[in-house]
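Participant:
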């Protein structure tokens with residue numbers, strides 16, 4: 003038999019193996035890839051961090067103008083910040099007491115977890131956290147920051163977790179407009195936008211805020227999701243209006259996230 | 002000195018490390034160029050198709066597992082990329098610039114066809130070219146742009162194995 007025929011047989015065999023693997027792991031072992039990725043993430047995470055730091059260094063290099071003036075300004079600012087720090091320390095004590103009340107009565111922060119890596123593919127938008135089940139993290143816990151919603155935990159190992167961000171193509175977030183009536187669903191549209199489908203009657207314009215809004219969804223209601231950047235033209239008779247929304251959180255700059263108790 | 006197999010392993014590890022670095026460097030602005038795909042082409046170019054096709058499949062599988070994705074998605078993508086590499090190499094020369102551009106373009110399209118084939122098989126409605134064009138097109142342009150430099154680096158790693 004010729005080499006070409008054997009080559010085609012090999013291709014077909016591997017193709018079938020790929021289909022079989024995808025099918026079996028999706029149905030029988032859906033957590034396997036997540037557990038593996040979370041375990042390996044620290045090995046390759048350092049190069050991702052190195053890239054982030056290089057980008058930050060380059061930005062600082064290009065932004066730098068007058069170092070001496072900058073130093074004087076920073077010294078003045080340092081003095082002000084020291085004063086501010088004392089005031090904030092006192093305020094922090096007060097707020098911690100408030101948080102304890104919130105944790106008991108409502109949605110509490112389960113953990114503050116460091117972001118250790120991004121996924122190495124442009125296809126997905128997932129983050130790996132340096133905290134896992136030992137720190138109290140569980141699958142289904144919403145992940146957020148002070149700026150807005152980040153995503154949801156999909157896999158957990160003892161010391162790592164995988165977060166499916168709101169930009170992931172598989173992400174679905176129930177949303178509503180912050181300042182007007184109208185509910186919809188936000189789909190991940192990588193690399194950096196969300197595609198929100200909302201009722202055509204909703205009054206919305208670029209600049210409007212979008213917040214999480216499902217009453218019984220994965221995410222608590224009222225967390226900022228993003229800002230409307232474009233309202234796509236609606237065809238006559240269309241059942242949905244489509245908005246392009248820029249996320250409130252810049253995922254590539256995340257260093258720490260807050261993990262919330264699941265609904 | 003490392004043996005040929007260990008050199009190929011080193012090539013792939015370096016590709017994954019560089020992929021992480023470039024992802025961090027570009028941030029959210031652009032999808033990163035697919036350096037793992039370029040390293041896979043260099044790897045399959047240095048071995049016979051009977052070894053190159055399974056190796057490409059394994060590299061893709063590793064990429065799927067590292068991405069916490071569906072095992073098989075990138076595996077079949079890189080498998081079809083490697084197969085189209087061998088097919089196109091019979092028509093044009095991989096060592097010449099024009100031939101390299103044809104092979105890179107053709108195998109890149111084959112890679113995404115493989116990814117979309119598995120997505121279709123798993124009925125992943127969200128993985129379709131209409132919603133992913135904003136990933137596919139910039140990734141292809143950046144990959145082609147960085148290919149001359151990346152291929153030179155990867156070849157130096159692989160050539161020492163000979």
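Chains as they are written, first to last, in our numbering: chain E, 3 to 265; chain G, 2 to 163. Cβ coordinates follow ideal geometry from the N, Cα and C atoms, glycine included. Remember, predicted model here, so these are calculated numbers, not experimental data.
Just to confirm the assignment, what range does the alpha helix (DSSP H) spanning residue 260(E) have?
Facilitator: For the purposes of this step, residue 260(E) is identified with residue 258 of the first chain, where counting begins at 1. No alpha helix (DSSP H) contains residue 260(E), which is instead part of the beta strand (DSSP E) from 258-262.
Participant: Closer than 8 Å between beta carbons: that is the criterion. Which residues of the region 29-47 of chain G meet it against chain E?
Facilitator: Listed by position along the chain: 29, 30, 31, 32, 33, 35 and 37.
Participant: Would you report the Cα separation of residue 10(E) and residue 54(G), rounded to the nearest angstrom?
Facilitator: As a working note, residue 10(E) is residue 8 in the first chain. As a working note, residue 54(G) is residue 53 in the second chain. Rounded to the nearest angstrom, the two C-alpha atoms are 10 Å apart.
Participant: Can you list, in chain order, the residues of its chain whose CB lies under 6 Å from that of residue 121(E), leaving out five sequence neighbours each side?
Facilitator: Start at 1 with the first residue of the first chain, and residue 121(E) comes out as number 119. Cβ within range, chain order: 128.
Participant: Using a threshold of 7 Å, is the CB atom of residue 132(G) nearer than that to any non-hydrogen atom of the ligand ZN?
Facilitator: Questions concerning the ligand ZN fall outside what the structure shown contains, since it holds no ligand whatsoever.
Participant: Taking only the alpha-carbon atoms, compute the straight-line gap between residue 25(E) and residue 126(E) and give it to the nearest angstrom.
Facilitator: As a working mapping, residue 25(E) is identified with position 23 in the first chain. As a working mapping, residue 126(E) is identified with position 124 in the first chain. About 19 Å.
Participant: Less than 8 Å separating the beta-carbons of residue 87(E) and residue 250(E)?
Facilitator: For the purposes of this step, residue 87(E) is identified with residue 85 of the first chain, where counting begins at 1. For the purposes of this step, residue 250(E) is identified with residue 248 of the first chain, where counting begins at 1. The answer is no: Cβ separation not under 8 Å.
Participant: Any beta-carbon of chain E closer than 8 Å to the one on residue 73(G)?
Facilitator: Residue mapping note: residue 73(G) aligns to position 72 of the second chain, counting from 1. By this cut-off, residue 73(G) is an interface position.
Participant: Please say whether residue 194(E) and residue 169(E) have beta carbons closer to each other than 8 Å?
Facilitator: Position 167 of the first chain holds residue 169(E). Position 192 of the first chain holds residue 194(E). Taking 8 Å as the Cβ cut-off, residue 169(E) and residue 194(E) qualify as a contacting pair.
Participant: Taking Cβ positions, are residue 30(G) and residue 13(G) nearer each other than 8 Å?
Facilitator: The sequence position of residue 30(G) within the second chain is 29, counting from 1. The sequence position of residue 13(G) within the second chain is 12, counting from 1. Cβ atoms of residue 30(G) and residue 13(G): not closer than 8 Å.
Participant: Taking 8 Å as the CB-CB limit, is residue 142(E) close to chain G?
Facilitator: For the purposes of this step, residue 142(E) is identified with residue 140 of the first chain, where counting begins at 1. Not an interface residue.
Participant: Which chain E residues sit within Cβ distance under 7 Å of residue 50(G)?
Facilitator: Counting from one through the second chain, the residue named residue 50(G) turns up at place 49. Those are 9, listed as they occur along chain E.
Participant: For the region 91-102 of chain G and the region 70-79 of chain G, state whether three or more C-beta atom pairs, one from each stretch, are separated by less than 8 Å.
Facilitator: No, because fewer than three Cβ pairs between the region 91-102 of chain G and the region 70-79 of chain G fall closer than 8 Å, the two stretches do not touch.
Participant: Would you kindly work out how many angstroms separate the C-alpha atoms of residue 259(E) and residue 44(G), rounded to a whole number?
Facilitator: Looking up residue 259(E) in the first chain gives position 257. Looking up residue 44(G) in the second chain gives position 43. Residue 259(E) and residue 44(G): Cα-Cα distance of roughly 39 Å.
Participant: Where does residue 214(E) sit, in a helix, a strand or coil, going by DSSP?
Facilitator: Counting from one through the first chain, the residue named residue 214(E) turns up at place 212. Of the three classes helix, strand and coil, the one that applies to residue 214(E) here is strand, per DSSP.
Participant: So, is residue 108(G) buried or exposed, given that buried needs 16 or more other C-beta atoms within 10 angstroms?
Facilitator: As a position in the second chain, residue 108(G) is number 107, starting the count at 1. Residue 108(G) is buried by the Cβ-count criterion.
Participant: Tell me the DSSP secondary structure of residue 246(E) in three-state form.
Facilitator: Within the first chain, residue 246(E) is the residue found at index 244, counting from 1. Of the three classes helix, strand and coil, the one that applies to residue 246(E) here is strand, per DSSP.
Participant: Which residues in chain E have a C-beta closer than 7 Å to the C-beta of residue 102(G)? List them in chain order.
Facilitator: For the purposes of this step, residue 102(G) is identified with residue 101 of the second chain, where counting begins at 1. Correct list: empty, because the minimum Cβ distance to chain E is about 21 Å.
Participant: DSSP state of residue 41(G), grouped into three classes?
Facilitator: The residue labelled residue 41(G) in the question sits at position 40 within the second chain. Residue state, collapsed to three classes: helix.
Participant: In chain G, what lies closer than 7 Å to residue 4(E) by C-beta?
Facilitator: The count along the first chain starts at 1 and reaches residue 4(E) at position 2. The premise fails here: residue 4(E) is roughly 12 Å from chain G at the closest Cβ pair, so nothing lies under 7 Å.
Participant: Check residue 184(E) in the structure and name its three-state DSSP category.
Facilitator: The count along the first chain starts at 1 and reaches residue 184(E) at position 182. Three-state result, residue 184(E): coil.
Participant: Where does residue 160(G) sit, in a helix, a strand or coil, going by DSSP?
Facilitator: Translated into the one-based positions of the second chain, residue 160(G) becomes position 159. The answer is helix: DSSP assigns residue 160(G) an H, G or I state.
Participant: Taking 8 Å as the threshold (C-beta atoms), are residue 143(E) and residue 253(E) in contact?
Facilitator: On the first chain, position 251 is the one that residue 253(E) refers to. On the first chain, position 141 is the one that residue 143(E) refers to. For residue 253(E) and residue 143(E), no; Cβs fall outside 8 Å.
Participant: Which of the three DSSP states is assigned to residue 146(E) in this structure?
Facilitator: Start at 1 with the first residue of the first chain, and residue 146(E) comes out as number 144. Correct three-state label for residue 146(E): strand.
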